[in-house]
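Here's the structure, in structure tokens; my notes come after.
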Amino acid sequence: MASVSIDHVSKTYGSGSSAVRALEDVDLSIEDGEFFVVLGPSGAGKTTLLKSVAGLVEVEAGDVRIDGTSMEGVEPYHRNVAMAFESYALYPQKTVFDNLASPLRSGRTGRYSAEQQRQRIEAVTTTLGIDHLLKRFPRELSNGQRQRVALGRVLVRPADVYLLDEPLSHLDAKLRAAMRAELKQLGEMSRTTSLYVTHDYQEALALGDRIAVLRSGRVVQVGTPEQIWREPVDTFVAKALGQPEINLFEVEASGDRLRGAGGALELPAPAHLELPGGRARVGVRPRDLALGAPGGADALHLRGRVVLAERLGRLMEFSVRVGGQDGGEDVIVVADSDAGAREGELVDLHLPLTNVHVFAAGPAGEETVRLGGAAR
Amino acid sequence: MLRERGPEVALARELTPGQKRVTPASVVADLAILAWFVFSLFPLVWMVLLALKNDADQTSTYFRFSPTTANFGTVLSQRGQDLTSVDFGQAMLTSVLNCAGAVLVSLVVGIPAAYAAGRWKFKGSEDLMFQMLSFRFAPELMVIVPLFVIYNTLGVFDTKLGMVWVLQLVTMPLVVWILRSYFQDLSPELEQAALLDGYTRRRAFLTVALPLVRPGIAAAALLAFIFAWNNYLFPLILTDSAATTVTVAVTKYLGGGGQAYYNLTAAAALLGALPPLVLALTIQRYLVRGLSFGAVKA
Amino acid sequence: MATTVGGRTPPQQSSPGRAGGAGVPRVPAWRRKLRPYLLSVPAVALIIGILYAFFYGVYYTVLNYAATNPNPSFVGFENYASVLGDALFWRSAGVTLLYAVAATGIETVLGVAIALLLNRSTLIGKTFERLLILPLMIAPVIAGVIWKLMFNPQFGVLNHVFGLGSTFDWLSKDRALWSTILVDVWIYTPFVAILVLAGIRSLPKEPFEASDVDGASWFYMFRRLMLPMMWPYILVAVIFRFMDCLKVFDAVFVLTAGGPGVTTTTLQIGAFEDSITNLNYSRGSTYMFLLWIIVFITARYLVSVLGKAQRRAAGAGA
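Chains as they are written, first to last, in this note's numbering: chain A, 86 to 461; chain B, 245 to 542; chain C, 20 to 337.
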């Protein structure tokens with residue numbers, strides 16, 4: 086049993102005017118065996134969070150509990166956690182084999198004969214596709230290979246918790262996709278409580294049993310990938326997930342309709358939502374929009390001119406200027422290439438209200454909370 | 245148009261290696277650097293020549309003579325001892341022991357301090373480092389005079405122990421400052437990885453951090469040895485005859501009165517200069533960083 | 020594959036790692052905070068040992084302690100009055116200052132020039148670069164011995180090579196100070212040169228290539244680009260040299276022992292004469308303490324200049 090609970094943890098680096106708040110009252114609890122992903126932009130405090138669990142940074146407030154036991158004052162080597170560092174932190178003077186054997190030789194992760202060590206290392210390196218590199222030194226490896234060695238040093242040993250800091254970030258795109266698919270299948274991963282840190286929303290959505298979104302040292306939202314995707318708690322989370330980013334429009338109530346983008350956008354005002362001052366922000370994901378004829382009164386409508394059409398393989402990405410020449414905004418739409426729209430053409434866009442997010446109105450550049458969907 | 249002149253003109257060429265064209269300016273530059281090396285190396289060459297002259301040639305200033313190596317033997321033998329009342333061979337040995345001892349103490353005491361100052365920000369660490377540096381710049385006599393009195397009461401005057409102790413003023417700042425800069429360059433995540441692998445802090449330090457700063461330790465140790473060896477004021481005042489060092493012994497050959505032995509003086513100077521020169525050439529790559537106390541990283 | 024790797028601790032093993040429950044070893048916060056201090060304890064002890072001698076020396080300055088007066092008594096600021104009222108002290112302070120300014124100045128100019136010349140990477144430069152540091156690594160006192168042999172009017176090689184005859188005395192009243200400065204230049208110019216050379220070689224290439232494409236002149240690039248970026252390296256060298264010159268002793272002592280007369284009596288040589296030759300410990304200590312104050316103030320000032328230059332160079336290099 087090894088659940089992890091992070092209780093109101095705060096951490097500041099530096100002091101005085103140069104102080105940087107890395108973590109602010111972070112409160113998370115991770116269940117035994119769970120694969121928990123922390124998603125956030127760089128500088129959000131993700132690495133600090135992992136190191137607090139590992140005992141490598143001292144938290145100034147709050148506590149970390151592993152398996153219910155407070156880790157206050159417990160040395161890293163007594164916590165039985167393994168960590169893959171984003172910088173790899175491979176021992177430069179040791180071969181790949183000796184790097185991987187290091188945790189097995191410390192005596193704190195169990196006793197292993199030379200033969201057992203070799204077997205474990207072989208098994209892990211075969212899985213990671215680095216079994217031909219055992220005699221090399223870290224300086225002789227590519228970044229992608231180093232990263233897999235760093236991951237291997239975690240997987241080779243039993244631990245109560247795996248801490249993984251952007252473990253796929255330096256792999257090339259193809260290998261990253263393959264590793265992402267494989268990572269969750271690994272027996273050791275599915276058995277061990279894992280805390281996985283990334284800035285890549287696709288990794289987060291694909292891997293996480295649950296996801297916590299971190300922003301400037303604060304937890305913004307915690308939930309399953311489904312929840313985070315369907316019901317982002319605010320515009321920050323909504324923008325963090327999805328590429329291209331979600332389209333946001335300022336809208337205003339007029340009668341029982343909401344209008345925005347100089348009248349080019351309209352949808353029925355959601356009766357179940359309270360809109361302060363009759364103003365709101367509407368969020369529309371590029372892939373949810375469909376090109377074509379208007380889809381009836383129960384949908385969001387947009388009309389605009391295609392200003393740019395880019396092919397992304399099977400799909401096309403369109404930039405559609407809505408709301409006239411001057412006050413216009415660009416909407417990004419991703420659609421099948423057989424949608425047939427060309428640059429310069431006027432197009433109609435629509436999507437069902439269930440996929441429309443309504444956020445509170447706010448000054449430009451400020452993140453606002455989600456009020457709900459445009460339809461129940 | 246400018247492109248036709250190629251990407252390297254003027255200073256960029258001066259700054260980047262590979263210039264081959266001969267211009268009046270390049271000839272002047274070559275002559276200037278040559279002139280420096282003539283000035284810089286001539287005294288050393290002259291010392292070697294003088295050391296190889298026999299007694300009859302020693303006062304001559306000619307470059308042609310029949311060389312002899314007898315002077316080195318004389319310096320290290322009883323005759324040298326009779327002339328100067330100093331056993332030069334013994335002085336060399338004393339210098340080796342003094343310097344090795346001083347460096348060893350500095351490493352044992354200095355490595356943990358350098359590690360602490362390089363890894364942690366703690367109250368007083370900057371004061372500690374500044375205090376170390378101030379020893380480097382403090383006039384030696386400020387401590388020698390009281391030490392002269394203290395040593396006499398403690399009975400360590402004219403002993404190797406006394407020299408090892410006072411040489412800490414020379415070796416300790418070098419060791420601590422150089423090694424701190426090496427520890428600072430080392431990513432702390434390597435030791436953190438070792439902690440998570442299950443090693444204690446002591447073992448993480450000994451098996452991960454320490455081996456990786458080995459070049460720094462070697463450079464600091466050798467440089468400290470050189471400067472300890474070259475020190476003159478401490479042995480001049482704090483030793484007499486039992487623990488005389490090379491630097492003091494060399495000057496004894498100048499000691500006036502009676503006949504002068506220029507060839508023997510040169511031979512003694514050469515013997516005293518050789519160990520630092522050899523050591524310096526072996527650590528040339530790390531020298532800049534060491535000489536600037538880690539301030540300039542080459 | 021059959022082997023299971025990783026995962027939870029296999030049950031048959033005797034619970035390695037975290038023991039769980041109340042048995043987890045903990046290190047109290049105060050002991051964690053104490054770690055760097057514990058590591059520094061030996062060094063601090065050593066420093067205290069040295070500072071003890073230092074303060075003992077400061078204590079001497081208010082006594083009338085001398086070999087002839089082994090039971091000293093408190094005399095207040097008498098030594099200070101005596102030293103500060105002594106023309107010899109001011110004379111030696113002047114000598115020291117002249118020596119420090121002249122030697123540091125010449126060494127800096129020559130050192131920078133040598134660094135620039137060696138950076139051209141010509142055959143001559145590459146051949147001799149390794150030998151640049153040789154004078155620097157010889158004990159200054161041995162350098163003094165070598166030059167004393169060369170300076171000798173009758174048998175010295177310099178008068179012979181330059182055809183000066185046997186009456187030209189390098190260490191005469193008028194020339195001795197400049198001759199000792201010449202020896203200092205011989206020893207320490209390489210120090211400036213290797214520091215500045217290392218600095219030049221670590222400069223980024225892009226700004227030079229950019230302004231080169233813009234057609235800037237050599238002098239413009241040197242003054243506007245190179246010098247500002249090299250400045251911190253030059254300053255480090257200048258600080259080390261100037262501070263060392265203030266306490267110069269070894270080579271000067273062996274060359275002239277402060278003479279002829281007092282023409283080359285630097286502050287540390289003056290203190291040596293008082294405390295060691297004349298065995299007047301208190302007066303010598305006062306001499307030294309005053310020098311120490313000068314060194315300390317200069318150090319503080321120069322280090323603050325260095326800090327400013329480094330910040331500016333960081334801006335220029337960016």
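Just so you know, even glycine gets a beta-carbon here, dropped at the ideal spot from N, CA and C.
- Item | Touching by the beta-carbon criterion (3+ pairs, under 8 Å), the stretch 525-536 of chain B and the stretch 203-223 of chain C | yes
Can P520(B) be considered in contact with the ligand PLP, in the sense that its beta carbon sits closer than 7 Å to one or more heavy atoms? Ligands are entirely absent from the displayed structure, and the ligand PLP is therefore not among its contents.
If we ignore side chains and look at the alpha-carbon of each, how far apart do G42(C) and V105(A) end up? 35 Å
#### Entry: Separation of Q436(B) from L141(A), as counted between CA atoms
7 Å
Residue burial classification, E225(C) (beta-carbon count within 10 angstroms, cutoff 16)
exposed
- [ ] Please confirm whether I258(C) and I277(B) have their CB atoms less than 8 Å apart.
- [x] Cβ atoms of I258(C) and I277(B): not closer than 8 Å.
How big is the Cα-Cα spacing for T285(C) and A112(C)?
-> 7 Å
**Asked** Once you ignore the five residues that flank P279(C) on each side, which residues in its own chain have a CB closer than 8 Å to its CB?
**Response** L190, S191, K192 and A195
Item to complete: Can you give me the Cβ contacts of Y395(B) inside the same chain, cut-off strictly under 7 Å, excluding the 5 residues immediately before and after it?
Response: In the same chain as Y395(B), and ignoring 5 residues on each side of it, the C-beta atoms closer than 7 Å to its own belong to F401, G406 and L482, in chain order.
Checklist entry - Which residues bound the beta strand (DSSP E) around S279(A)? => result T278 to T283
S95(A) versus G125(A), A146(A) and P126(A), residue with shortest Cα-Cα distance:
A146(A)
H217(A) (DSSP reduced to helix, strand or coil):
helix
- Query: Which chain B residues sit within Cβ distance under 7 Å of P243(A)?
  - Reply: The premise fails here: P243(A) is roughly 11 Å from chain B at the closest Cβ pair, so nothing lies under 7 Å.
Q. For the stretch 445-461 of chain B against the stretch 171-189 of chain A, are there 3 or more C-beta pairs whose distance is under 8 Å?
A. Counting Cβ pairs under 8 Å, three or more are found: they touch.
At least three beta-carbon pairs within less than 8 Å, the stretch 275-289 of chain B to the stretch 484-501 of chain B = no
*Please name the residue or residues paired with I91(A) in a DSSP beta bridge.*
L113(A) and V149(A)
Closest by C-alpha distance to G291(B), when choosing among P154(C), F308(C) and S140(C): Reading off the sequence shown, one finds Met at residue 291(B), where the question assumed Gly. For the residues P154(C), F308(C) and S140(C), the minimum Cα distance to M291(B) belongs to P154(C).
Just mark S323(C) as buried or exposed, buried being the case when its beta carbon has 16 or more other beta carbons within 10 Å. exposed
Need the endpoints of the alpha helix (DSSP H) that H442(A) sits in, please. Segment H442 to A445 is the beta strand (DSSP E) holding H442(A); no alpha helix (DSSP H) there.
Exercise. What residues in its chain sit with their C-beta under 7 Å from that of A121(C), if we drop five residues either side in the sequence?
Worked result: I200
Item to complete: Could you tell me which residues DSSP puts in a beta bridge with L108(A)?
Response: K96(A)
ask   = Using a C-beta to C-beta distance shorter than 8 Å, which residues of chain A count as neighbours of S431(B)?
value = Chain-ordered, the chain A residues with CB closer than 8 Å to the CB of S431(B) read S172 and A174.
What residues in the stretch 92-116 of chain A have a beta carbon less than 8 Å from any beta carbon of chain B?
none
Exercise. When you compare only the Cα positions, how much space is there between A463(B) and P126(A)?
Worked result: 42 Å
Among the candidates N90(C), L142(C), F73(C) and V128(C), whose CA atom is the shortest distance from the CA of L275(B)?
Residue L142(C) is the option with its Cα nearest to L275(B).
- Task: Using three-state DSSP, classify P353(A) as helix, strand or coil.
- Result: strand
Checklist line | V389(B) - containing alpha helix (DSSP H), residue span | finding: L385 to L398
Check your understanding: So, does the CB of N315(B) fall closer than 8 Å to a CB anywhere in chain C?
Key -> False, the Cβ-Cβ gap to chain C never drops below 8 Å.
Take N299(C) and list the residues in its own chain whose beta-carbon comes closer than 6 Å to its own, dropping the five residues that flank it on each side.
A85 and D293
Inset, instruction - Note the first and the last residue of the continuous beta strand (DSSP E) segment covering Y247(A). - result: V246 to D250
C-beta contact flag for G218(C) and V540(B) at 8 Å: yes
query = Can you name the start and end residues of the beta strand (DSSP E) that Q306(A) belongs to?
reply = R303 to G308
Measure from the C-beta of L570(B) to each C-beta in chain A and report whether the shortest distance is under 8 Å. In this structure chain B extends from 245 to 542, so residue 570(B) is not present and cannot be described.
Taking the alpha-carbon of R359(B) as reference, which of Y306(C), S301(C), R54(C) and W49(C) has the nearest alpha-carbon?
Residue identity check: residue 359(B) is Tyr in the sequence provided, not Arg. Looking at the Cα atoms, R54(C) is the closest of the given residues.
Notebook entry, point to check: How would you list, in chain order, the residues of chain B whose beta-carbon sits under 9 Å from the beta-carbon of V166(A)?
Noted result: L440, listed in chain order.
On the DSSP bridge list, what partners appear for T305(B)?
For T305(B), which the question treats as bridged, DSSP gives no partner whatsoever.
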